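In the UniProt record's numbering, the protein residues as written are 1 to 1094. Backbone N, C-alpha and C fix where the C-beta goes; we use that ideal spot for every residue, glycine too. These numbers were taken from a predicted model, which means no experiment stands behind them. Below is one structure, written out as structure tokens; the observations come after it.
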Amino acid sequence: MSLLTQLRLLLWKNFTLRRRQKVRLLVELVWPLFLFFILVSVRSTNNPVYKSQCHYLNKPLPSAGVLPWLQGMLCNMQNPCVSFPTPGEAPGQVNNFDNSTVTKVLVEVQSLLADPALFSSVKLISEDIGRWTSVLQNANPAAGQSIPLYSLLRTNETFSEYLTNNLSVPNTTTVSLMRTKVRLGQLPAVSANGDLRSLLCGPSVDRILDFNSTNQKQEFQNITCSLTANQLLQARQVFMQNLDNMKLLNALPQALGLNRLQVTALMGQTSAHIAPLMTGMSNFRSSVLLSAVETLDFRSDPFGSLSQLMCGTDFNLTSRAAVRSASTESDQQNTRAATVNNSTTTSTNTSDFCRNLTDTLESTSGLRLLWRTFRPFLQGKILYTPDTNVTRSIITEANRTFDALAKVGDLAEAWLQNEDVLWAFFNNGTQINTLRALLKNPVLAAVLDQQLEDSGLSSAYISSFLFNGPESERPAGMPASDWRNVFNATSGAAQQIIQILACFDLDKFKGVSTEAVLVEQSSKLLSQDRFWAGLVFTDLDPSDPRTPPHIRYKIRMDIEETERTDKIKERSWSPLARDNPFNDLHYVRGGFVYLQDMVDRGIIKVQTGVSQPLGVYAQQMPYPCYVDDAFLRSLTRSLPLYMTLAWIFSVALIVKGVVQEKEARLKETVRMMGLKSSTYWLSWAISSTLPLAVSAALLTIILKYGKVLRYSDPSVIFVFLLVFCVATVMQCFFISVFFSRANLAAACGGLIYFLLYLPHVLCYAWRDVLGFGAKIATSLLSCVAFGYGCENFSRYEEQGIGIQWSNIRVSPQENDRYSFIVSIFMMLFDAFIYWMLTWYIENVFPGQYGIPKPWYFPFTSSYWCGTPVGSDAHPDLLHELENQSGYLEKPPPGMKPGVCIRNLVKVYKTGNKLAVDGLSLDFYQDHITSFLGHNGAGKTTTMSILTGLFAPTSGTAYINGYDIRSDMDTIRTHLGMCPQHNVLFNDLTVEEHIYFYARLKGRSSKEVKKEIDQMIRDVGLPHKRKDLVKNLSGGMQRKLSVAIAFVGGSNVVILDEPTAGVDPYVFKYLWFKLFFYIYIYIYIYIYIYIYIYI
1 MSLLTQLRLL
11 LWKNFTLRRR
21 QKVRLLVELV
31 WPLFLFFILV
41 SVRSTNNPVY
51 KSQCHYLNKP
61 LPSAGVLPWL
71 QGMLCNMQNP
81 CVSFPTPGEA
91 PGQVNNFDNS
101 TVTKVLVEVQ
111 SLLADPALFS
121 SVKLISEDIG
131 RWTSVLQNAN
141 PAAGQSIPLY
151 SLLRTNETFS
161 EYLTNNLSVP
171 NTTTVSLMRT
181 KVRLGQLPAV
191 SANGDLRSLL
201 CGPSVDRILD
211 FNSTNQKQEF
221 QNITCSLTAN
231 QLLQARQVFM
241 QNLDNMKLLN
251 ALPQALGLNR
261 LQVTALMGQT
271 SAHIAPLMTG
281 MSNFRSSVLL
291 SAVETLDFRS
301 DPFGSLSQLM
311 CGTDFNLTSR
321 AAVRSASTES
331 DQQNTRAATV
341 NNSTTTSTNT
351 SDFCRNLTDT
361 LESTSGLRLL
371 WRTFRPFLQG
381 KILYTPDTNV
391 TRSIITEANR
401 TFDALAKVGD
411 LAEAWLQNED
421 VLWAFFNNGT
431 QINTLRALLK
441 NPVLAAVLDQ
451 QLEDSGLSSA
461 YISSFLFNGP
471 ESERPAGMPA
481 SDWRNVFNAT
491 SGAAQQIIQI
501 LACFDLDKFK
511 GVSTEAVLVE
521 QSSKLLSQDR
531 FWAGLVFTDL
541 DPSDPRTPPH
551 IRYKIRMDIE
561 ETERTDKIKE
571 RSWSPLARDN
581 PFNDLHYVRG
591 GFVYLQDMVD
601 RGIIKVQTGV
611 SQPLGVYAQQ
621 MPYPCYVDDA
631 FLRSLTRSLP
641 LYMTLAWIFS
651 VALIVKGVVQ
661 EKEARLKETV
671 RMMGLKSSTY
681 WLSWAISSTL
691 PLAVSAALLT
701 IILKYGKVLR
711 YSDPSVIFVF
721 LLVFCVATVM
731 QCFFISVFFS
741 RANLAAACGG
751 LIYFLLYLPH
761 VLCYAWRDVL
771 GFGAKIATSL
781 LSCVAFGYGC
791 ENFSRYEEQG
801 IGIQWSNIRV
811 SPQENDRYSF
821 IVSIFMMLFD
831 AFIYWMLTWY
841 IENVFPGQYG
851 IPKPWYFPFT
861 SSYWCGTPVG
871 SDAHPDLLHE
881 LENQSGYLEK
891 PPPGMKPGVC
901 IRNLVKVYKT
911 GNKLAVDGLS
921 LDFYQDHITS
931 FLGHNGAGKT
941 TTMSILTGLF
951 APTSGTAYIN
961 GYDIRSDMDT
971 IRTHLGMCPQ
981 HNVLFNDLTV
991 EEHIYFYARL
1001 KGRSSKEVKK
1011 EIDQMIRDVG
1021 LPHKRKDLVK
1031 NLSGGMQRKL
1041 SVAIAFVGGS
1051 NVVILDEPTA
1061 GVDPYVFKYL
1071 WFKLFFYIYI
1081 YIYIYIYIYI
1091 YIYI
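In structure tokens, the structure reads:
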């Protein structure tokens, strides 16, 4: 029978069984899709994020100035990405923090201090105050003239209407009051916040108003004294609002008895002098400083206030950079923090304030990130070597940045040292008291208000600010704060600055003798978390005081604060920008570039003697727009695992199916019927691969149209999965040869399959150190090669390209020779290796049922070319048996032996049990031979050895002249077998069994059709023709087994207890059929192993 016919027959059998095992088939097809349905659902909730272009704020270095440097470190702590060009990218502009409060204040203060007119105006105003003091001292209000009230009010005054409409004063009384004359010298009494009722209802009213008659005075007091205190206050307010300042100023000299020309000239002079100051004060009133004092609240919102003060925007410590890196940063510093906490020296100052400050910064989650960013710069030491005059001069210049910070502390100390003098000046100074007195004068207050019009300031505001009385005497309506609050806040801030700066080491640099000493001291400082960096100046002669023209130095830092020096870029491409301040910008965050900038400036100053006025800003290049797909990034690591787990159940079923046929002796039974081993395995390979291929096609559809692999070519994905399916099937065959129990094989098969994937996890972790050769070696495991392929198309997906036929030869990783096509070839090679190992091990170690071949069998011609047709029996065997003991019966004359057994021995390894002991026996042609013996005598063992199920321990047997040890494949083409136990396929029908084995014996389709009908009638099963074997009784199954032994024209038939376990009717029926076959088919050799029951 041809190989193709056998293959077609086996495939028919396998697919018929698979078709009838609907649950198994459904599981095989659906189970691989289960995980990917979950994956698609996850994908639907994690869509790609389309990121716009990223622009970054420039990073000021120390040479740019202390304030820009501090602003850069604080505001760029998270290296924020903005979608528009930053101000620092524009030509001619470097600072990004012009909107910050501190920058605006400094600009305003600078412009204020840079205005010479302002300072000269203050000096002139001070002189004018003295002149006004002398003029007012000569004033004689008693000699002055009174002025009609209406002449002091505005032309469009509303005071009279207010009296008539709001206070119900008669119109005639209102007109009379408007004509009443006023003594201006007493007007401050009305404008002051005193008791108006006692002033206007008593006799003192005559000092203010000059009534025409007693009746007019009485009428005025009757109306005034009937008003409530609130109505009096409102009336005074309306009166002051309706005063005309110019009329009041013109009437002032006449009312005070002063020289009109002198007062007018002094007034014009003072107005000219006060104008620049009022302009500056107007700008200052509207400045961000005052608004910051009102809006910034460091107690309730320290971060927001600090951000607005320094940056002009809100830096959120829980934003992307903090969330992405804070946990990593925290893990990296846990060990160091434990060492620092156990150290006796945690800062440069061991005061209680410093210890409490450090503990607060470390224990507060919001402050911890900020503190760890600035701590090396504030408390860290910079060691340098060698310690020579040249290096000391360089370091002195490099330390200028921290000298500027120290000057801030000096300024705070100067304030505290002079605060008593300043307090006395503002509290009781002559000039300040004179100013307070002048502001109480309504005339001068009116003049000042006229100058401050539209400025936001007023004489009342200035007067309230300069108030120095007790809080209980503060006039109603005045602001709750005055100069004392500002003074105390300034003193408190100065005290805080001194205490905080005392906790930091501003003398950063320390010289040591050698680099070895530098390393030793650096280790100690690292244990205390007080190490910034080390400077090693090379090629310097300590004995030479001259500065060399070329200075070389190296910066040594903690390894956690710098990148690896041999790392140029990431081996694996990622669409994300390298802008994470903690993971990507080590040289900035760790302070490397800051230190380099300071040292370079120091060298320039020492070499040239000139300070370079230009500051340096580092500008990170903008990053283009990209698609940020977090799902794909995680898929790179997890997709190989999902793919491997998808077929773990199918692997278990395949392994179980193969081992189950071996365990039930079905494999050897069909081989005894003439089936070639290669055809058997090929049929299993095809029938196992096809369901996997269907699931692979469904997986491809899900991955592509479920938007898991949206960019890749689905045909490439399918070919890749199909190759993996082939390799997996071969791997299942390889696993199956080590098992003889189906259930155990299924459990272990899935586990082994998964364990063979686990090396890929290690390979992924070591991907940066594994070379091409190592990857090829690990790819001898098909799951590892599959994992590498999944990595490749996952990375291409991440790049937005996807795996295509055009790029399968190129790895997505630079300088990597292991491409996608290499992964496919390695899986094909693995499939070949698995099959070769399966083929070899099955032949050399066939297990419990089979005859092992020698280890060198691939090199024997008999295996490849077969054994020549032998004679009926080897002549030496006949003589050998005749020469044996006389106890043996001589063979009948003229009879030819068909089977010759010589010295056959079988010892089972389990328990070392001897089953057959030196058996020598002949069976003759054209005879039915009954092989009798009690239970355990070795009958079944001998039959199993003759049929090739067991290998003999020693001795051999010849069937038709062929040795069972080497020619079993040839013997099986003439052999029919009915085993002791039914070896049937539960899901095939009766006629399908006969059809299968008859075709396997080489019968044509027409012959098989006739033989099916004949055999079914002969064994009495025509009514069960279409029934599945699992639905037959035991006797019917034995009938079918006997029928199978005779199909296909077998000339050697072995029946092992064909009537065991059947009822007497079936017993007689089977024997009748056996004698019928021997008479009808007299050329058949029948060897019957049967029990005789007595």
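Tell me the DSSP secondary structure of residue i in three-state form.
{"i": "tyrosine 924", "result": "strand"}
{"i": "residue 1100", "result": "The requested residue 1100 does not occur in the structure, where the chain is confined to residues 1 to 1094."}
{"i": "asparagine 960", "result": "coil"}
{"i": "glutamine 75", "result": "A small correction: the amino acid at residue 75 is cysteine; glutamine does not occupy that position in the sequence shown. In this structure, cysteine 75 counts as helix in the three-state DSSP scheme."}
{"i": "arginine 633", "result": "helix"}
{"i": "histidine 55", "result": "strand"}
{"i": "alanine 685", "result": "helix"}
{"i": "aspartate 628", "result": "strand"}
{"i": "proline 60", "result": "strand"}
{"i": "methionine 895", "result": "coil"}
{"i": "alanine 618", "result": "strand"}
{"i": "valine 599", "result": "helix"}
{"i": "glycine 657", "result": "helix"}
{"i": "tyrosine 1089", "result": "With a pLDDT of only 43 at tyrosine 1089, under the threshold of 50, the placement of this residue in the model should not be trusted, and no figure is reported."}
{"i": "glycine 65", "result": "coil"}
{"i": "serine 307", "result": "helix"}
Would a C-beta distance cut-off of 8 Å place residue i and residue j closer than the cut-off?
{"i": "aspartate 579", "j": "cysteine 81", "result": "yes"}
{"i": "valine 659", "j": "alanine 745", "result": "yes"}
{"i": "valine 512", "j": "leucine 518", "result": "yes"}
{"i": "valine 1047", "j": "isoleucine 994", "result": "yes"}
{"i": "isoleucine 1054", "j": "threonine 941", "result": "no"}
{"i": "asparagine 58", "j": "tyrosine 617", "result": "yes"}
{"i": "leucine 383", "j": "lysine 510", "result": "yes"}
{"i": "valine 102", "j": "leucine 309", "result": "yes"}
{"i": "glutamine 216", "j": "serine 176", "result": "yes"}
{"i": "glutamine 379", "j": "phenylalanine 582", "result": "no"}
{"i": "glycine 92", "j": "glycine 615", "result": "no"}
{"i": "phenylalanine 353", "j": "glutamine 499", "result": "yes"}
{"i": "lysine 51", "j": "tyrosine 711", "result": "no"}
Output the distance between the C-alpha atoms of residue i and residue j, rounded to the nearest integer angstrom.
{"i": "leucine 422", "j": "threonine 490", "result": "12 Å"}
{"i": "serine 327", "j": "histidine 586", "result": "Per-residue confidence for serine 327 stands at a pLDDT of 43, beneath the threshold of 50, marking its modelled position as unreliable; the derived number appears in the next sentence. If I take the Cα positions, the gap works out to 16 Å."}
{"i": "aspartate 830", "j": "valine 729", "result": "11 Å"}
{"i": "leucine 106", "j": "phenylalanine 239", "result": "42 Å"}
{"i": "serine 683", "j": "lysine 676", "result": "11 Å"}
{"i": "cysteine 783", "j": "lysine 775", "result": "12 Å"}
{"i": "serine 400", "j": "methionine 621", "result": "Here the sequence assigns arginine to residue 400, which means serine is not the residue at that position. Straight-line Cα distance between these residues: approximately 29 Å."}
{"i": "serine 121", "j": "aspartate 449", "result": "18 Å"}
{"i": "phenylalanine 465", "j": "arginine 355", "result": "38 Å"}
{"i": "histidine 1023", "j": "methionine 1036", "result": "11 Å"}
{"i": "phenylalanine 592", "j": "serine 634", "result": "33 Å"}
Closer than 7 Å by C-beta to residue i: which residues in its own chain qualify, once you throw out the five before and the five after it? Chain order, please.
{"i": "leucine 645", "result": "Leu35"}
{"i": "residue 1102", "result": "With the chain covering 1 to 1094 only, the question about residue 1102 has no answer from this structure."}
Less than 8 Å between C-beta atoms, sequence neighbours within five positions excluded: which residues of the same chain meet that for residue i?
{"i": "glutamate 991", "result": "Ile1012, Ile1016, Arg1025, Lys1026"}
{"i": "phenylalanine 487", "result": "Glu419, Leu422, Trp423, Phe426"}
{"i": "leucine 11", "result": "Ser683, Ile686, Ser687"}
Once you ignore the five residues that flank residue i on each side, which residues in its own chain have a CB closer than 6 Å to its CB?
{"i": "cysteine 978", "result": "Ser1041, Val1042, Ala1045, Leu1055, Pro1058"}
Kindly confirm or deny that the region 753-766 and the region 774-793 touch, where touching means at least three C-beta pairs closer than 8 Å. yes
Would you call the region 558-576 and the region 353-365 touching, i.e. three or more CB-CB distances under 8 Å? no
Between the region 688-696 and the region 16-28, do at least 3 Cβ pairs fall closer than 8 Å? yes
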